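Here the structure comes first, spelled out in structure tokens, and everything after it is commentary.
Chains as they are written, first to last, in our numbering: chain L, 12 to 351; chain Z, 22 to 401.
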């Protein structure tokens, strides 16, 4: 009986589908609390949807989360058939995405920075080997520091944040091992898994305060791994001057997304969420979507080190050559980024 | 002031005393209603000023309506969002009635929620009929305890509750951060501050999931309605409630009448904190299923607005909470359907408060909505 109705509904739907012009594919996105215009994390992922809008002609919608309590409600309000695929941006949306995916097995989801074990059939996870690019950034920073002290702090102590800090710390350690130097990293100990965290992803004031503390302790290069919080650190560097304090950006190439303070960014550890989001949309449009994991790595361009821009002349050629060698070593597996 | 004016004022006062129903009606219903209308109009003007198309503005208000009351899912979301606002708002309203300006609902929500979560996973072997009420009660108790610290400081030392409750909020944020990292609280396998999950037998049961698994409405709404009735009864039908209101209206007179001011302050704060703590328990046991930093999500501050909008009356708080819940649920739909920034909902909410806080402004904007004070024909 029920299946008869279903069949009838299906026939009707097919009939309508043939009669009406094909409805545009719609991609929807729920951001984390940083907001869609955070210059880094959420914005990069949204860029992938915008690119798809330009190149593939899809419709796009987004919902910004203002608090963690919004995740579930926001995902729910995108359900109901209008969205072909729902992107949830960030590790902290892991639980809410899982709940929604299990309750709505016919809805396609894709989450950034969270992989389910075992994988869910209707969730395509996008994760990144960010430590590979962060390793390069650590090596670069170690080669560029004048004071011999580097600083790093994170947003929240979750794997997609600490993987930046791990890679950075091990990159510095690799430099020390190669050159016999003793450059220290403040703010993260990859062994004890303890370090500096603002415990939020939205306070620019914290970004300034944490960078100030690290600067006071002698750091002349700081890596803030906290989305828009890092913009506060960049504001401090802008006031002090880049010769006093340089910032390494994360997620996007902050030289481009934060052009007013571009001159303080030594480089950025870019996480090409735009690329993987675009890829997921293409897969879904082709009807080839299935649950699983996409990994962005140095090799496939999913993560990378941004150009040096204003510092292109300041980074010695020798260091640049070493970085190229290390990059090759990471991609062929001869240099482990997880510490020696 | 001329003689005539003085007489007018005096006669109006007399009239108000003679016809309290009409004046109450205007203050409790007409002013908030016009405040909402004025805020929506100003919100539309704000959108126009930020170069949003008029058609989009129309669509966004339609989405606001649809997203708040337009479907079962919308109503479920509105009620889910309203419940904690009403609970915490009742507590604040009770405090206002007793002359206490309690800003600490946020911290009390956090403490109540933490207690409820810890109760949930610590006694997960208990059956639902015991565990769920126990965790709700422990949430209320923790909120009551936390708020009575500020009450005690006020009663014993005269420290103003505005300052102490704000400071207690700050302490609660860091205390929650700390507690969530304690090994016996933190979720196994996670390095970030997040608690273990609340077991199903401690949860406030979902009411409509047999219809659609995405409907989040849960039994906390009954708790909320019960709280409205109890607070009404407490305030207007008991001796203690009379003492609260008397202390609020005139502390001096209350003291001369033999009321124990210090005890009343502590009790009023504790009751307010209990209600905020219940709001916290409602969130973690009904909606979130766990605690994480900032799970209070500003509810404690929105609840101040709810209490003010509801004119510190339990029934008023109920409707104000429903309105704010509707704005929250509808605001989401506004963003989805019309692409209007969620910040705009914040602006509209703030405008409502501004208009509510300035009843004379509303009366001046909508003079035809109110009885003219000087036309007093004395019929009513």
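By construction, the Cβ of each residue, glycine as well, lies at the ideal position given by its N, Cα and C atoms.
In this text the structure is predicted, and so the values were computed from the model without any measurement.
For chain L, check one thing: does any of its Cβ atoms lie closer than 7 angstroms to the Cβ of residue i?
i                      : result
residue 375 of chain Z : no
residue 363 of chain Z : yes
residue 9 of chain Z   : What is shown of chain Z runs 22 to 401, which leaves residue 9 of chain Z out entirely.
residue 208 of chain Z : no
residue 313 of chain Z : yes
residue 379 of chain Z : no
residue 323 of chain Z : no
residue 357 of chain Z : yes
residue 212 of chain Z : yes
residue 154 of chain Z : no
residue 266 of chain Z : no
residue 276 of chain Z : no
residue 388 of chain Z : no
residue 318 of chain Z : yes
Please list, in chain order, all residues of the same chain as residue i whose beta carbon is under 7 angstroms from its beta carbon, the five residues on each side excluded.
i                      : result
residue 228 of chain Z : 238, 239 and 240
residue 295 of chain L : 95, 96 and 119
residue 242 of chain Z : 100 and 104
residue 328 of chain Z : 110, 113, 114, 117 and 338
residue 120 of chain Z : 268, 269 and 272
residue 139 of chain Z : 206
residue 183 of chain Z : 122 and 124
residue 316 of chain Z : 134, 304, 305 and 309
residue 188 of chain Z : none
Let me make sure I understand the geometry here. Which of the options has the alpha-carbon closest to that of residue i?
i                      : options                       : result
residue 52 of chain L  : L:267, L:208 and L:284        : L:284
residue 300 of chain Z : Z:87, Z:246, Z:259 and Z:88   : Z:246
residue 132 of chain Z : Z:144, Z:72 and Z:190         : Z:190
residue 191 of chain L : L:154, L:342 and L:346        : L:154
residue 195 of chain L : L:173, L:152, L:211 and L:65  : L:152
residue 217 of chain L : L:267, L:58, L:238 and L:228  : L:238
residue 367 of chain Z : Z:388, Z:383 and Z:323        : Z:323
residue 148 of chain Z : Z:221, Z:184, Z:174 and Z:209 : Z:221
residue 169 of chain Z : Z:46, Z:264 and Z:125         : Z:125
Ordered along the chain, which non-local residues of its own chain (more than five positions away) have a Cβ less than 6 angstroms from that of residue i?
i                      : result
residue 201 of chain L : 177 and 180
residue 295 of chain Z : 161, 164 and 165
residue 385 of chain Z : none
residue 317 of chain L : 264, 278, 279 and 281
residue 84 of chain Z  : 354, 355, 358 and 359
residue 276 of chain L : 258, 260, 265 and 266
residue 372 of chain Z : 60 and 63
Based on the DSSP secondary-structure assignment, which residues constitute the bridge partners of residue i?
i                      : result
residue 257 of chain L : L:232
residue 38 of chain L  : L:71 and L:96
residue 282 of chain L : L:314
residue 262 of chain L : L:281
residue 305 of chain L : L:137
residue 274 of chain L : None; residue 274 of chain L has no bridge partner.
residue 119 of chain L : L:96
residue 331 of chain L : According to DSSP, residue 331 of chain L bridges with nothing at all.
residue 212 of chain Z : In the DSSP output, where bridge partners are listed per residue, residue 212 of chain Z has none listed.
To the nearest whole angstrom, what separates the beta carbons of residue i and residue j, a pair I think is in contact under 8 angstroms?
i                      : j                      : result
residue 97 of chain Z  : residue 176 of chain Z : Not a contact, Cβ separation roughly 42 angstroms.
residue 256 of chain L : residue 242 of chain L : Contact flag wrong, Cβ pair sits at about 14 angstroms.
residue 109 of chain Z : residue 321 of chain Z : 6 angstroms
residue 280 of chain Z : residue 270 of chain Z : Not quite, the Cβ-Cβ distance comes to about 12 angstroms (not below 8 angstroms), so this is no contact.
residue 172 of chain Z : residue 290 of chain Z : 3 angstroms
residue 70 of chain Z  : residue 305 of chain Z : That pair is no contact at about 40 angstroms.
residue 369 of chain Z : residue 382 of chain Z : With a Cβ gap of about 16 angstroms, residue 369 of chain Z and residue 382 of chain Z do not count as contacting.
Counting only C-beta atoms, is residue i closer than 7 angstroms to chain Z at any point?
i                      : result
residue 209 of chain L : no
residue 338 of chain L : no
residue 205 of chain L : no
residue 88 of chain L  : yes
residue 32 of chain L  : Below a pLDDT of 50, predicted positions are generally treated as unreliable, and residue 32 of chain L, at 43, falls in that range; the measurement from the model is reported next regardless. Not closer than 7 angstroms to any Cβ of chain Z, the Cβ of residue 32 of chain L fails to qualify, so no.
residue 167 of chain L : yes
residue 141 of chain L : no
residue 72 of chain L  : yes
residue 342 of chain L : no
residue 79 of chain L  : yes
residue 75 of chain L  : yes
Between residue i and the rest of its own chain, which residues show a CB-CB distance below 8 angstroms, the 5 nearest in sequence each way excluded?
i                      : result
residue 253 of chain Z : 335 and 336
residue 63 of chain L  : 38, 69, 71, 288, 289, 292 and 293
residue 112 of chain L : 118, 120, 131, 133 and 134
residue 310 of chain Z : 218, 219 and 224
residue 158 of chain L : 229, 230 and 231
residue 25 of chain L  : Note on residue 25 of chain L: pLDDT 44, under 50, position unreliable in the model; no value is reported.
residue 256 of chain Z : 115, 118, 262, 265, 266 and 335
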